[in-house]
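Here's the structure we're looking at; comments come further down.
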Amino acid sequence: MEYLLEALNVTKIFGTLKANDNVTLKVKPGEIHAFLGENGAGKSTLVKMIYGALQPTSGEFRWMGSPVTIANPAAARKLGIGMVFQHFSLFDALSVAENIALAMPGDFDMAKLSEKISRVSKDYGLPLEPTAIVADLSVGERQRIEIVRCLLQEPKLLIMDEPTAVLTPQEADQLFLTLGRLAREGCAVIYISHRLEEVKRLCHNATILRHGKVVANVDPTKETASSLAKLMVGGEIHVVRAARKDKGGAVRLKLEGLNLHADGPFAVELKNISLDVRAGEVVAIAGVAGNGQSEFFDAVSGERSLPRDAMLLIDGKPMGYHGVNARRNAGAAFVPEERLGHGAVPGFRLSENVILTRHSSDEALVKSGMMQKNGASGVSERVIKAFDVRKGKPDPEARALSGGNLQKFVVGRELDRKPGVLVVNQPTWGVDAGASATIRQAIIDLARQGSAVLVISQDLDEIFEVADRIAVISRGQLSEAYPSSELSAEKIGLLMAGEHETREMAHAARA
Amino acid sequence: MNDQLLSIILTIITASTPLLLASIGELVVERSGVLNLGVEGMMAVGAVCGFGAALTTGSPLIGILAAIAAGVLLSLLFGFLTLTMISNQVATGLALTLLGLGLAGLIGESFVGQPGVKLQNLDIPVLSAIPFIGPILFGQDLLVYVSLAIVAGVSYVLFRTKTGLIIRAVGDSHQSAHALGYSVIGVRYLAVMFGGGCAGLAGGYLSLAYTPQWVENMTSGRGWIALALVVFASWLPWRLAIGAYLFGTITILGFSLQAIGIGIPSQLLSSLPYIVTILALVVISGNRALTRANTPACLGQPFVPDR
């Protein structure tokens, strides 16, 4: 048996879209096999088929040399295939042991299982407390549950879908040690990631997918990050140019001791956040998901009003009590994380979506309560042109656009106003490299024209590309904002883990 | 005085049992993530079918089975609409209540005024002869014991068995449960049917044991109290049992106090269960640990598998 798993000429069609077109992937035992491609290239589709969550339209899978049909995830687990999802399949209200029990076949013996979890998790350097409730755990710990859940089934093949996207650099290092050990023990790993440096460091083999087709199979250790990127995109990537700015613009967005209680059982409380964003600069907020980013965005955008008016100042005016529209009228613009449903109404046309965020600030869009359709179409066409939004018809519904194109549109809609203050949450989440570069460039350009820009992101590469200063959010607290030249990924990692809670530590990280 | 107290306690038990039966079923339904507001309707149909079947066959036991079957059938309609056709659970539940009440009135038209068949008390020999506690503990009808056994069973299954873990998991995150390969829709169908059976049984209890006759609207809002009870009990079976007896006590005390001549407006008394529930909700929602551990996160959310 040379190969553990072979996917031979697999095709998967959704409606008219060929998500996978004649894809062949071969994985050897003990190999860490990277699976690369842009968003929408079809990586997730293929691994979902391997895990039995989807069925191929045509083609075949071979497991240890013989043809198999993987009818459902249970069948996949029976073969020895485990998967760690990008979006965890965990149950917040249940304990660690209960979460794992749900994926284990056979007897239901919580005591025995808990003992096993403690043993295996310690053994692989992924310590877990079986009785802890998932909702109380950090994202890194949650991922450990997923991994331990797979390990307990002694898998022969482990699929990891963007595992490090949610981890601090230190947590990622620990994960690499674990994966290395698994590979030495003979377990194969399919590793999906956008982080090419990481792939070079960890993986033995890489299969690259573009528009649903395999375009290359390479040894990543012999490639450079840019040669891998070129294979993924099929061309050169525009390099974001951040003309360094001169310091000392006026403070346009000021947060002063911002406190906000948690508004739900799983929400994060914001504690004493202070930050100045000056004209001409981009300040980025780094942090692992779920540390208060969405609460922070809601507080800054006015979706939740603040306990004191002076906690938030826009161009010197206290706006803490004011809602989203008042803050927009004061010259601010906001782009939330979720583009469909939050940033745009799925069933509304693009021009109507323009009116939704700009009706109060743009007189050309609404006159005496009547929508000005021509004005709206004008704005919408301008945005579409400036950001190269690709669409099927002239003024489509928001839901008809692909994620990346809609993201370009919702960011572009706000940038088009030339706001004095821009707050963006995850500006390029789920957007491919080309579109990301466009959006990031536009953000920097806006700042250079005298606006204050605040970017909330979990992508460190993005942060280093756009930010002049970087602050880190951890458990609802914000660190000091350091000039980005003074921070390395390592130091940000320490801050993400929450070490800024003492001032000395912060200064140690800075040194 | 003793006799009076005894009779009050006995009435409290019979008044509490239908509330407990209906709400324990709804508790399981909600634990699986489905909100079925049609309890009142399923109870009404259960009551009339139980009454009719017992009247025709002369056997209260067959009446009980018919009541359960009627509740299950109606809940299957709810399941089909909300789980298979993904209709809105709140709207469908409300419609189910209206449908159930209307249907019960239609079916029961010829039963109005007819003397019913009463489910006899068990009166366990010797034991039930013990003064005072004998009739309370050993002289009840079968369904009183059954209702408590169901609570014990539900509590055991939910928190001690894998089946229960799966029900709770489906209610907490249907996406995750689906990803692990569990049949979300299947589990919810079974839960909804269990809830329907319990509601039907509760209705049957009203027309076979509580007041053995058929009167239109005889459920008189008990289905709504059952729904409130589930929230009041923060989705915990034994707390639910305590709540059901508490609500039963409130209702009966109201009648008794009026009988003695203490003037509390009956409207106030009949609204007490809801007031207590609202207070309980306020207390619960202020308590992070309580809501997080027990409120099914997917309650009322439709599930559409992505494939």
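Respectively, the protein sequence lines represent chains C and U.
According to the numbering used here, the stretch in the first sequence is residues 150 to 660, in order.
According to the numbering used here, the stretch in the second sequence is residues 22 to 328, in order.
From the three backbone atoms N, C-alpha and C, an ideal C-beta is built for every residue, glycine too.
**Boundaries (first-last residue) of the alpha helix (DSSP H) holding Gly126 (chain U)** = Gln110 to Ile128
**Request:** Use the C-beta contact count for Asn574 (chain C): other C-beta atoms within 10 angstroms, 16 or more gives buried, fewer gives exposed.
**Result:** buried
**Asked** Which of the three DSSP states, helix, strand or coil, is assigned to His182 (chain C)?
**Response** strand
**Message:** Quick check: the Cα distance between Asn315 (chain U) and Ala535 (chain C), rounded to an integer number of angstroms?
**Reply:** For Asn315 (chain U) and Ala535 (chain C), the gap between their C-alpha atoms comes out near 50 Å.
**Message:** Residues in the same chain with beta-carbon distance under 8 Å from Tyr203 (chain U), minus the five sequence neighbours each way, listed in chain order, please.
**Reply:** Ile187, Ala190 and Val191
**Asked** If the cut is a Cβ gap below 9 Å, which residues of chain U does Ser238 (chain C) touch?
**Response** Ser194, Gln196, Ser197, Ala198, His199, Ala200 and Leu201
**Message:** Would you say Glu247 (chain C) lies against chain U (beta-carbon separation less than 8 Å)?
**Reply:** So, interface residue.
**Asked** How big is the Cα-Cα spacing for Leu407 (chain C) and Pro576 (chain C)?
**Response** 23 Å
**Request:** Using three-state DSSP, classify Gln234 (chain U) as helix, strand or coil.
**Result:** coil
**Request:** Alpha carbon to alpha carbon, how far is Pro39 (chain U) from Cys219 (chain U)? Give it in angstroms, no decimals.
**Result:** Computed Cα separation, rounded: 9 Å.
**Prompt:** Ile504 (chain C) and Leu514 (chain C): beta carbons closer than 8 Å?
**Reply:** Their beta carbons are under 8 Å apart, which means Ile504 (chain C) touches Leu514 (chain C) by this criterion.
**Item:** Rounded separation between Ile285 (chain U) and Tyr226 (chain U) - CA only
**Value:** 28 Å
**Message:** With the cut-off set at 8 Å, would you say Ile641 (chain C) and Ile619 (chain C) are in Cβ contact?
**Reply:** yes
**Message:** In the DSSP assignment, the beta strand (DSSP E) including Ser215 (chain C) goes from what residue to what residue?
**Reply:** Ser215 to Val217
**Prompt:** Using the beta-carbon count (16 or more within 10 Å), is Asp272 (chain C) buried or exposed?
**Reply:** exposed
**Asked** To the nearest angstrom, how far is it from the Cα of Lys265 (chain C) to the Cα of Gly561 (chain C)?
**Response** Going by the C-alpha atoms only, they are around 52 Å apart.
**Message:** Three Cβ pairs or more, each shorter than 8 Å: is that satisfied between the stretch 294-307 of chain C and the stretch 216-233 of chain C?
**Reply:** At 8 Å Cβ cutoff, the stretches touch.
**Per-residue contacts from Ala281 (chain C) into chain U (C-beta, under 7 Å)** = Here the premise fails: no neighbours, minimum Cβ distance about 13 Å.
**Message:** For the pair the stretch 68-84 of chain U and the stretch 49-60 of chain U, tell me if three or more CB-CB distances fall below 8 Å.
**Reply:** Flag = no, the stretch 68-84 of chain U and the stretch 49-60 of chain U do not touch.
**Request:** Mind checking the stretch 215-227 of chain C against chain U and listing, in chain order, the residues whose C-beta falls within less than 9 Å of any C-beta there?
**Result:** Asn221, Pro222, Ala223, Ala224, Ala225 and Arg226
**Request:** Give the residues of chain U in contact with Leu251 (chain C), contact being defined as C-beta atoms less than 9 Å apart.
**Result:** Lys183, Leu186, Ile187, Ala190, Ser197, Ala198, Leu201 and Tyr203
**Item:** Pick from C:Ala250, C:Ile605 and C:Ile294 that is closest to Lys334 (chain U), judged by C-alpha positions
**Value:** Since the first residue of chain U shown is 22 and the last is 328, residue 334 (chain U) is not available in this structure.
**Request:** Inspect the CB distances between the stretch 238-253 of chain U and the stretch 33-49 of chain U and report whether three or more fall short of 8 Å.
**Result:** yes
**Asked** Going by the beta-carbon positions, is the gap between Leu102 (chain U) and Thr113 (chain U) smaller than 8 Å?
**Response** yes
**Request:** For Phe210 (chain C), decide whether its Cβ has a neighbour in chain U, counting only Cβ atoms nearer than 8 Å.
**Result:** no
**Beta-carbon proximity list for Lys197 (chain C), same chain, < 7 Å, skipping 5 on both sides** = Leu203
**Request:** Please confirm whether Leu95 (chain U) and Val138 (chain U) have their CB atoms less than 8 Å apart.
**Result:** Taking a C-beta distance under 8 Å as the contact criterion, Leu95 (chain U) and Val138 (chain U) do not qualify as a contact pair.
**Request:** Check whether the Cβ of Lys242 (chain C) lies closer than 8 Å to any Cβ atom in chain U.
**Result:** Correcting the residue type first, residue 242 (chain C) is Ala in the shown sequence and not Lys. Closer than 8 Å to some Cβ of chain U, the Cβ of Ala242 (chain C) qualifies, so yes.
**Item:** Among C:Ser500, C:Leu402 and C:Gly553, the one whose alpha carbon lies nearest that of Pro543 (chain C)
**Value:** C:Ser500
**Asked** Which value, in whole angstroms, describes the spacing of the CA atoms of Leu402 (chain C) and Val426 (chain C)?
**Response** Taking the straight line joining both Cα atoms gives about 5 Å.
**Message:** Let's test the definition: count the other Cβ atoms within 10 Å of the Cβ of Arg293 (chain C) and tell me whether it reaches 16, buried, or not, exposed.
**Reply:** buried
**Meets three-Cβ-pair contact criterion under 8 Å: the stretch 479-489 of chain C and the stretch 443-458 of chain C** = yes
**Request:** Keeping to the same chain, check which residues put their C-beta closer than 7 Å to that of Met381 (chain C); ignore five residues upstream and five downstream.
**Result:** Leu185, Gly186, Glu187, Ile357 and Arg359
**Asked** Can you find a CB in chain C that lies within less than 8 Å of the CB of Ala318 (chain U)?
**Response** yes
**Message:** So Phe257 (chain C) contacts chain U; which residues on that side make the cut at Cβ distance below 7 Å?
**Reply:** Here the neighbours are Thr182 and Lys183.
**Message:** I need the straight-line Cα distance from His656 (chain C) to Ser628 (chain C), nearest angstrom please.
**Reply:** Any reading at His656 (chain C) must be qualified, since the residue scores a pLDDT of 46, below 50, and its modelled position is unreliable; the value itself is stated next. C-alpha separation (whole angstroms): 11 Å.
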